[in-house]
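Residue numbers (mature numbering (1 follows the signal peptide of the UniProt record, and there is no 0)): -29 to -1, 1 to 294.
Next comes the structure, spelled out in structure tokens:
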């Protein structure tokens, strides 16, 4: 060992012993944990249309307690294969469609109805360069609180210039007082939340219902998909030969329901019908190769499906900058 080596070693040892270590700052407080994400938006072009995914936040779900029609232990095994444990932090996604002449919003997140981890939609809209007042129409896939709750905050319409479109069967189901009385006690709050969300738009003459498969605008149509709820609806957008289908709550847990599409969830009003819709939608999306947008797949929830044995593989969108 040379004298130079000894000198370096002695200097390093001295530095490490001062105040307990080289990087100990004697006078400054530690930086606090921030614990927030940036406002969530992601943009892509679909032909001539601009589609912007918006994050409303997340909701931790105890999926092993909620998923049904599945073998004991299977949910935990599939989650572990994706490095997940329950509760699973579940995205709540909404989507803007700018056709160049109209601005459509598919679903609205939870608003005030779920908790502090959600209700970020308006922040995300503004971060994406838009204002709520610019939305021409709100397209609701179904009237569950994490999809329709964001249309109203503090009793006021968040999208004052928009018409709100909902399948007539949804309105008839959720705004029916008799249905609320017949529902299990734990589910009755959903009827109250639905009334609070839709009534301000109905009173303003801005609530529109449709039945069946309906053309709403050039390149934009509804596709009925009942099961999860009585009027659960897909929205289909097509431009310049490209196609994107907004699935709403057709599925909830990617790690489980892509490899095993038959797995259902307690949130389904009719789980058998919901499973049939899922099987049909998966097969068609994989065969035709079009884009899908999913409310509860990790943000931004845009991608494709590829058949994989009896199940499917999710292929998320490749990150890109629209140009």
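Ideal placement from N, C-alpha and C gives every residue a C-beta, glycine not left out. Note that this is a predicted model, so its numbers are computed, not measured.
Spatial distance of residue i from residue j (CA atoms)
i	j	result
residue 198	residue 54	30 Å
residue 131	residue 104	6 Å
residue 271	residue 60	14 Å
residue 32	residue 69	32 Å
residue -1	residue 6	18 Å
residue 110	residue 25	14 Å
residue 357	residue 285	As shown, the chain starts at -29 and ends at 294. That puts residue 357 outside it, with no answer to give.
residue 203	residue 141	7 Å
residue 240	residue 246	11 Å
residue 12	residue 195	27 Å
residue 44	residue 38	11 Å
residue 287	residue 220	18 Å
residue 279	residue 244	23 Å
residue 51	residue 227	10 Å
residue 170	residue 143	13 Å
residue 42	residue 113	29 Å
residue 148	residue 201	16 Å
Residues near residue i in its chain [Cβ-Cβ closer than 6 Å; skip 5 each side]
i	result
residue 216	205, 207 and 263
residue 67	23 and 76
residue 15	22
residue 269	62
residue 223	236 and 267
residue 182	139
residue 293	14 and 16
residue 10	94, 95 and 98
residue 265	218 and 272
Residue i, DSSP secondary structure in three states
i	result
residue 213	strand
residue 130	coil
residue 169	helix
residue 87	coil
residue 280	coil
residue 253	helix
residue 305	Look at the range of the chain in this structure, -29 to 294, and you will see that residue 305 is not part of it.
residue 245	helix
residue 103	helix
residue 275	strand
residue 42	coil
residue 116	helix
residue 143	helix
residue 28	strand
residue 295	Limits of the chain in this structure are -29 at one end and 294 at the other, which puts residue 295 out of reach.
residue 47	helix
residue 160	helix
residue 8	coil
residue 259	helix
residue 62	strand
Cut-off 7 Å between Cβ atoms - residues of its own chain near residue i, not counting five sequence neighbours on either side
i	result
residue 230	49 and 282
residue 253	232, 276 and 283
residue 3	none
residue 124	82 and 83
residue 234	38, 40, 41, 227 and 228
Nearest-angstrom beta carbon gap, residue j and residue i [assumed within contact, 8 Å]
i	j	result
residue 159	residue 115	With 8 Å as the limit, residue 159 and residue 115 do not qualify as a contact, their Cβ atoms being about 14 Å apart.
residue 65	residue 78	4 Å
residue 93	residue 133	The pair is not a contact, with the Cβ atoms about 13 Å apart (cut-off 8 Å).
residue 28	residue 91	4 Å
residue 291	residue 20	Rounded, the Cβ-Cβ distance is 15 Å, inconsistent with contact.
residue 80	residue 121	4 Å
residue 88	residue 30	6 Å
Cutoff 8 Å; reference residue i; Cβ partners in own chain excluding five residues on either side
i	result
residue 166	145 and 146
residue 256	216, 263, 275 and 276
residue 259	214
residue 261	213, 214, 215, 216 and 275
residue 185	192 and 193
residue 248	196, 197, 198, 199, 203 and 221
residue 302	Since the first residue shown for the chain is -29 and the last is 294, residue 302 is missing from the structure and cannot be characterised.
residue 86	30
Cβ-heavy atom distance, residue i to the ligand PLP, below 7 Å
i	result
residue 117	Within the structure as shown, the ligand PLP is missing, as the structure has no ligands at all.
Open item on the list: Between the segment 174 to 184 and the segment 136 to 146, can you find at least three pairs of beta-carbon atoms closer than 8 Å?
Closed with: Enough Cβ pairs lie closer than 8 Å, so yes.
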